[in-house]
């Protein structure tokens, strides 16, 4: 995909910054809640420092349980507000637990400040001893090879089948052949070299995969996505003209997105229709598998909903 002029980092930096209120220790205010949500949104860029903060903010929101006003779970909140999957949310929290100072802060440990997010993410699956082998100069592939070499070593140490079992298999095979002979079934004998061009003679050859034409996504395609109450409110109030979303479909400029409002996991019937005017998956360190969608106008509408839990 060609590099777009639509810059996610610039959009984030131009968003208004909310002022922090003074508060009584241990008390959570509505202003805190809004700041935590906004801080996550502003830090969705691929840097180790930002993802440590995101993990910390997610833990704050999880422990405060303020998400329960609109969503049944933290994962549901993160999905509707930021299009973050359950596995990504878990990864953010694990990165904060392991790489932040004291295991629960907004600051990255000094020894990890030269590492990138992708490196830290790969290091999550390493043991403490294996992690000591890693240096900031190593690529993600090199870090992954440390884990792969450990897996190969573990596989090599697995006990192999002993001789008696092999003898039993051999005896069973002989008995099977005798049964086939008794039933009058002739066994095919492979020749040293295939002859002729009959279909039976060519069965030993590996068939080439059939070439399939590449289907381009339709420009007039319409897709539906779930959205939280606050997200739709930002759109309809005019403070948001972009979405950071997982690429569940092959979106392209001109496609229509129908955003279905959900409150506590239930559809409300409110929808907002937008048409994609800009789109990129290469802007400001956006996460792999995600894209930025920009739009100019929107249409507010209602639709009938079934009374069932989604």
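Numbering (full-length UniProt numbering), first residue to last: 1 to 310.
A virtual CB, placed ideally from N, CA and C, is assigned to each residue, including glycine.
Bear in mind the structure is a predicted one, so any value in this text is a computation, not a measurement.
*Quick one: measure Cβ to Cβ for residue 51 and residue 95, integer angstroms, because I've assumed they're closer than 8 Å.*
6 Å
*Skipping 5 residues on each side, what residues in its chain have a beta carbon closer than 6 Å to that of residue 305?*
267, 269
*Kindly give me the distance between the Cβ atoms of residue 136 and residue 114, rounded to whole angstroms, as I take these residues to be in contact under 8 Å.*
4 Å
*Nearest-angstrom Cα distance between residue 97 and residue 104?*
6 Å
*Assign residue 237 to buried or exposed, taking buried as 16 or more other Cβ atoms, counted over all protein chains shown, within 10 Å of its Cβ.*
exposed
_Where residue 80 falls: helix, strand or coil (DSSP)_ = helix
_Please classify residue 139 as buried or exposed, where buried requires at least 16 other C-beta atoms within 10 Å of its C-beta._
exposed
*Quick one: is residue 300 buried, meaning 16 or more other Cβ sit within 10 Å of its Cβ, or exposed?*
exposed
*Euclidean distance between Cα positions of residue 258 and residue 89*: 25 Å
*Distance, residue 141 Cα to residue 288 Cα*: 16 Å
*asked:* Can you look up residue 103 in the DSSP assignment and give me helix, strand or coil?
replied: helix
*Selection from 219, 230, 248 that minimises the alpha carbon distance to residue 240*: 230
*Do you know how far the Cα of residue 274 is from the Cα of residue 75?*
25 Å
*Please report the residue range of the beta strand (DSSP E) in which residue 311 lies.*
The first residue shown for the chain is 1 and the last is 310, placing residue 311 beyond what the model contains.
*asked:* Just verifying my parser: in three-state terms, what is the DSSP assignment at residue 245?
replied: strand
*Can you tell which of 294, 53, 101, 30 has the C-alpha that lies nearest to the C-alpha of residue 66?*
30
*Would you report the Cα separation of residue 294 and residue 107, rounded to the nearest angstrom?*
32 Å
*asked:* Taking 9 Å as the threshold (C-beta atoms), are residue 232 and residue 292 in contact?
replied: no
*Residue range of the unbroken alpha helix (DSSP H) whose run includes residue 151*: 140 to 156
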